[in-house]
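A quick write-up on the structure given underneath.
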Amino acid sequence: MSVPRGAVHAKWIVGKVIGTKMQKTAKVRVTRLVLDPYLLKFFNKRKTYFAHDPLQQCVVGDIVLLKALPERRSKHVKHELAEIVFKVGNVIDPITGRPCAGTRFLENLSDSENLTEADTTYLSEKLQELKVCSTDK
Amino acid sequence: MPMKGRFPIRRTLQYLSQGDVIFKSSVKVMTVNYNSAGELSEGARKFVFFNIPQIQYKNPWVQIMLFRNMTPSPFLRFYLDNGEQVLVDVEDKSNKEITEHIKKILGKSKETLEKEEREREKLSHPATFGPKKYHLRECMCEVEGQVPCPAFVPLPKEMRGKYKAAMKNEA
Chain A
1 MSVPRGAVHA
11 KWIVGKVIGT
21 KMQKTAKVRV
31 TRLVLDPYLL
41 KFFNKRKTYF
51 AHDPLQQCVV
61 GDIVLLKALP
71 ERRSKHVKHE
81 LAEIVFKVGN
91 VIDPITGRPC
101 AGTRFLENLS
111 DSENLTEADT
121 TYLSEKLQEL
131 KVCSTDK
Chain B
1001 MPMKGRFPIR
1011 RTLQYLSQGD
1021 VIFKSSVKVM
1031 TVNYNSAGEL
1041 SEGARKFVFF
1051 NIPQIQYKNP
1061 WVQIMLFRNM
1071 TPSPFLRFYL
1081 DNGEQVLVDV
1091 EDKSNKEITE
1101 HIKKILGKSK
1111 ETLEKEERER
1121 EKLSHPATFG
1131 PKKYHLRECM
1141 CEVEGQVPCP
1151 AFVPLPKEMR
1161 GKYKAAMKNE
1171 A
């Protein structure tokens, strides 16, 4: 009975976090492609795993890499969080290293130099309106 | 009556078994990030459409995850057993180039495959008889040139136990 690591078959898994309501535990949904025997097509089959997350740094929607623990931590928790692959809302493109969202890079958008004159006048008008409202009260 | 779908040949066992990428046992997870639009992602899209079923069929224990439109650049990422991660940039590559590349870096070599094939052959002995799962034939009657199965062709009198016993009693 010498199982050096993993009381469980899956040693490394990648999944999406679906729940963080438990203390220091993340509920992770893992999908694998399973062949339908009649259609001969692959479909995603889901399974939920519980992972130990000591710093509670996972948010619902993160893509995480889980590592199997050498022995079970509790009845259901057999994995721990190895790394967060993609943080939700803060995806970093691994090839260039820049933050991105969808098919665009995000770095350029927050430059105030790119705002045109029309934009700055519009924004300053809006700010003026806000000031007026606050003095009325 | 043709098959349903765009390229239904992808759903045939012959096509699936033609995949030649068999990963080394240290590869556990494969992640593919690609985009639905854009010239650069074209090869990755073709790879996902045509080659992923072949790879998953040949490697049933590797978890394959597909992510669409998460990053501007398409890439593949492999997570190995020792914690290592292999990042493969597939921007502007055709699907054939991608398969060749991963076969070269993470696929089992031809010699390993042949060695495994020979190991498997050694386990089963072709000259034994038994259940179809473990042996080639179940009974000698299946071999051409041998006495046929008495269920289909009755044995000649001289071979039947009834006749032999009667002859013995007579004598």
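Line order of the protein sequences matches chains A and B. Its first residue numbered 1, the first sequence is counted upward by one per residue in our numbering. Its first residue numbered 1001, the second sequence is counted upward by one per residue in our numbering. Idealized CB from N, CA, C, for every residue including glycine. Predicted, not measured: the structure shown is a model, and the values here were computed from it.
(request) Determine, using beta carbons only, whether B/Gly-1043 comes closer than 8 Å to chain A. (result) No, B/Gly-1043 does not count as interfacial toward chain A.
(request) Have a look at B/Met-1159 and B/Ala-1171 and give me their C-alpha separation to the nearest angstrom. (result) If you take the alpha carbons of B/Met-1159 and B/Ala-1171, they lie about 17 Å apart.
(request) Using alpha carbons as the reference points, say which of B/Pro-1072, B/Thr-1031, B/Glu-1039 lies closest to B/Gln-1056. (result) Checking every option, the nearest Cα to that of B/Gln-1056 belongs to B/Thr-1031.
(message) Going by DSSP in three states, B/Gly-1161 sits in which element: helix, strand or coil?
(response) Of the three classes helix, strand and coil, the one that applies to B/Gly-1161 here is helix, per DSSP.
(message) Under DSSP, the alpha helix (DSSP H) around B/Asn-1082 begins and ends at which residues?
(response) From DSSP, B/Asn-1082 is part of no alpha helix (DSSP H); its letter is neither H nor E.
(request) Have a look at the DSSP bridge pairing and note the partners of B/Glu-1100. (result) Within the DSSP bridge table, the entry for B/Glu-1100 names no partner.
(request) Starting from B/Ser-1073, find everything on chain A with Cβ-Cβ shorter than 8 Å and list it in chain order. (result) Near B/Ser-1073 (Cβ distances below 8 Å), the residues of chain A are Asp-93, Ile-95, Thr-96.
(message) Is A/Lys-45 close to chain B? Criterion is C-beta to C-beta, closer than 8 Å.
(response) Answer no: the Cβ-Cβ gap between A/Lys-45 and chain B never drops below 8 Å.
(message) Going by DSSP in three states, A/Asn-108 sits in which element: helix, strand or coil?
(response) Note: A/Asn-108 maps to helix in three-state DSSP.
(request) Would you mind working out which of B/Glu-1039, B/Thr-1012, B/Met-1065 sits nearest B/Lys-1028, comparing C-alpha positions? (result) If we check each option's Cα against that of B/Lys-1028, B/Met-1065 comes out closest.
(message) Suppose the cutoff is 7 Å on Cβ atoms and the five residues either side in sequence are ignored; what does the same chain contact list for B/Tyr-1034 look like?
(response) Within the same chain, B/Tyr-1034 has close Cβ partners Ser-1041, Ala-1044, Arg-1045, Val-1048, Arg-1068, Pro-1074.
(request) Note down the Cα distance separating B/Asp-1092 from B/Pro-1072, rounded to an integer number of angstroms. (result) So the two alpha carbons sit approximately 13 Å from each other.
(request) Below 8 Å between beta carbons is the criterion; list the residues of the stretch 29-45 of chain A that meet it against any residue of chain B, in chain order. (result) Those would be Val-30, Thr-31, Arg-32, Leu-33, Leu-35, Leu-39, Leu-40, Lys-41, Phe-42, in chain order.
(message) Just to confirm my understanding: we take A/Cys-58, look at its own chain, exclude 5 residues before and 5 after, and list those with CB closer than 6 Å. What are they?
(response) So the qualifying residues of the chain are Val-17, Thr-20, Ala-26.
(request) Kindly indicate which residue of B/Tyr-1079, B/Trp-1061, B/Thr-1012 has the alpha-carbon position closest to the one of B/Phe-1050. (result) Among B/Tyr-1079, B/Trp-1061, B/Thr-1012, the Cα nearest to that of B/Phe-1050 is on B/Thr-1012.
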